[in-house]
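Colleague: Pasting a structure here, questions to come.
In this note's numbering, the protein residues as written are 84 to 364.
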């Protein structure tokens, strides 16, 4: 129990630190911004401690099936740290910061074509912030690199490392607390359906988010980013939410395949046992 609480507290501290990084690195963060960031960091840290210190989770999926959550956190960590460092490259022109900005600009140029998610995201900027289009392209390109790397790492974990660990029993209730296996229909079919839904929404979301932001700004109140801090979080949400959904779809598809495989093995063993009993009789 002590080790569980210690691990939960460590995860909470890391998450709170990551949330605060952009406000600490970027210049011009006002008192109101710092208060909002502190509130969000404390809320997420408290939720993390509650989830990881309890025996049975409420919201966090695949808690006992590493490295799914670790890869997801590393993607989020990389997005926040690298995008923050790239944003301060003009003010703090270190070699590493400028390299990040150049890599993001090069990859962003590959993604900047008509009707691409990056082109739609660039059209979200208000007229007063059009001078930051180049920075937005670099940040979006860098974010895409980080997210694609995370998805590739999870693919390696599934196919090369055999995630989840086949030597241990996989508890669907603990690792999928929001999935009720008793709610009608075959579990495998439902997992496969949810897998396709999550992956499809994850692919469509980079196109959909900029359009939704634009519509909300036109119909209700402007939510367009006007500060470097807001711009970073816009790019992080634009990149991380689709990545998390795609990874969730991949994970649920893998669990469905694993359950189907175990069913086939159990059926084959039962048939072999029946044949043996018949021959002995």
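Here a beta-carbon is modelled for each residue, glycine too, at the ideal position from N, C-alpha and C.
Please report how far the alpha carbon of residue 330 lies from the alpha carbon of residue 255, in whole angstroms.
Modeller: As a position in the chain shown, residue 330 is number 247, starting the count at 1. As a position in the chain shown, residue 255 is number 172, starting the count at 1. Roughly 17 Å between the two C-alpha positions.
Colleague: Where does residue 135 sit, in a helix, a strand or coil, going by DSSP?
Modeller: The residue you call residue 135 lines up with position 52 of the chain shown. Residue state, collapsed to three classes: helix.
Colleague: Unbroken beta strand (DSSP E) runs of length 3 or more, entirely within the region 237 to 305: which are they?
Modeller: Taking only runs of at least 3 residues, no beta strand (DSSP E) segment lies wholly in the region 237 to 305.
Colleague: Please identify the residue among 86, 353 and 109 whose C-alpha is closest to the C-alpha of residue 313.
Modeller: Position 230 of the chain shown, counted from the start, is the residue given in the question as residue 313. Taking only the C-alpha atoms, the option nearest residue 313 is 109.
Colleague: List, from N- to C-terminal side, the alpha helix (DSSP H) runs of 4 residues or more that fit wholly inside the region 127 to 211.
Modeller: The region 127 to 211 contains these whole alpha helix (DSSP H) runs: 151 to 170, 178 to 194 and 200 to 205.
Colleague: According to the neighbour-count rule (16 or more other Cβ atoms, all chains shown, within 10 Å of its Cβ), is residue 230 buried or exposed?
Modeller: For the purposes of this step, residue 230 is identified with residue 147 of the chain shown, where counting begins at 1. Buried: at least 16 other Cβ atoms inside 10 Å.
Colleague: Please state whether DSSP places residue 109 in a helix, a strand or coil.
Modeller: Numbered from its first residue, the chain shown carries residue 109 at position 26. Three-state DSSP puts residue 109 in coil, outside helix and strand.
Colleague: Can you list, in chain order, the residues of its chain whose CB lies under 8 Å from that of residue 271, leaving out five sequence neighbours each side?
Modeller: Taking the chain shown and counting its residues from 1, one reaches residue 271 at position 188. These residues qualify, in order along the chain: 339, 342, 343 and 346.
Colleague: Which one of 280, 318 and 274 has the shortest CA to CA distance from residue 215?
Modeller: Residue numbering aside, residue 215 sits at position 132 when the chain shown is read from its first letter. Closest by alpha carbon: 318.
Colleague: Taking contact to mean at least 3 C-beta pairs separated by less than 8 Å, is the region 193 to 203 in contact with the region 162 to 172?
Modeller: The region 193 to 203 vs the region 162 to 172: no contact.
Colleague: Just tell me which of 335, 316 and 189 has its CA closest to the CA of residue 105.
Modeller: The residue labelled residue 105 in the question sits at position 22 within the chain shown. With distances taken between Cα atoms, residue 105 lies closest to 316.
Colleague: On a Cα-Cα basis, can you pick out the residue from 282, 227 and 175 that is closest to residue 320?
Modeller: Mapped onto the chain shown, residue 320 falls at position 237. Of the listed residues, the one whose Cα sits closest to residue 320 is 227.
Colleague: Taking one C-beta from the region 142 to 158 and one from the region 110 to 128 each time, how about it: are there three or more such pairs within less than 8 Å?
Modeller: Taking 8 Å as the limit for Cβ pairs, the verdict is that the region 110 to 128 does not touch the region 142 to 158.
Colleague: Give the secondary structure of residue 330 by DSSP, where H, G and I count as helix, E and B as strand, and everything else as coil.
Modeller: The count along the chain shown starts at 1 and reaches residue 330 at position 247. Reduced to three states, the DSSP call for residue 330 is helix.
Colleague: Please work out which residues of its chain come closer than 7 Å, Cβ to Cβ, to residue 334, disregarding the five sequence neighbours upstream and downstream, and give them in chain order.
Modeller: The residue you call residue 334 lines up with position 251 of the chain shown. These residues qualify, in order along the chain: 145 and 151.
Colleague: Beta carbon of residue 128, beta carbon of residue 95: below 8 Å?
Modeller: Taking the first residue of the chain shown as position 1, residue 128 is located at position 45. Taking the first residue of the chain shown as position 1, residue 95 is located at position 12. Yes.
Colleague: Return the CA-CA distance between residue 295 and residue 284, expressed in angstroms with no decimal places.
Modeller: Translated into positions along the chain shown, residue 295 becomes position 212. Translated into positions along the chain shown, residue 284 becomes position 201. For residue 295 and residue 284, the distance between alpha carbons rounds to 14 Å.
Colleague: In this structure, how does DSSP classify residue 310 when only helix, strand and coil are distinguished?
Modeller: Taking the chain shown and counting its residues from 1, one reaches residue 310 at position 227. Residue 310 falls in the coil class under three-state DSSP.
Colleague: Would you call residue 189 buried or exposed, if buried means 16 or more other Cβ atoms sit within 10 Å of its Cβ?
Modeller: For this step, residue 189 is matched to residue 106 along the chain shown. By the neighbour-count rule (16 or more Cβ atoms within 10 Å), residue 189 is not buried but exposed.
Colleague: Whose C-beta lies closer than 7 Å to the C-beta of residue 362 among residues of the same chain, with five residues either side of it excluded?
Modeller: Locating residue 362 in the chain shown gives position 279, where the first residue counts as 1. At residue 362, the pLDDT of 43 sits below 50, so the modelled position is not reliable; the number obtained from the coordinates is stated separately. Cβ within range, chain order: n/a, list empty.
Colleague: Work out the CA separation of residue 161 and residue 117 for me, nearest whole Å.
Modeller: Translated into the one-based positions of the chain shown, residue 117 becomes position 34. Translated into the one-based positions of the chain shown, residue 161 becomes position 78. Each residue's Cα considered, the two are about 21 Å apart.
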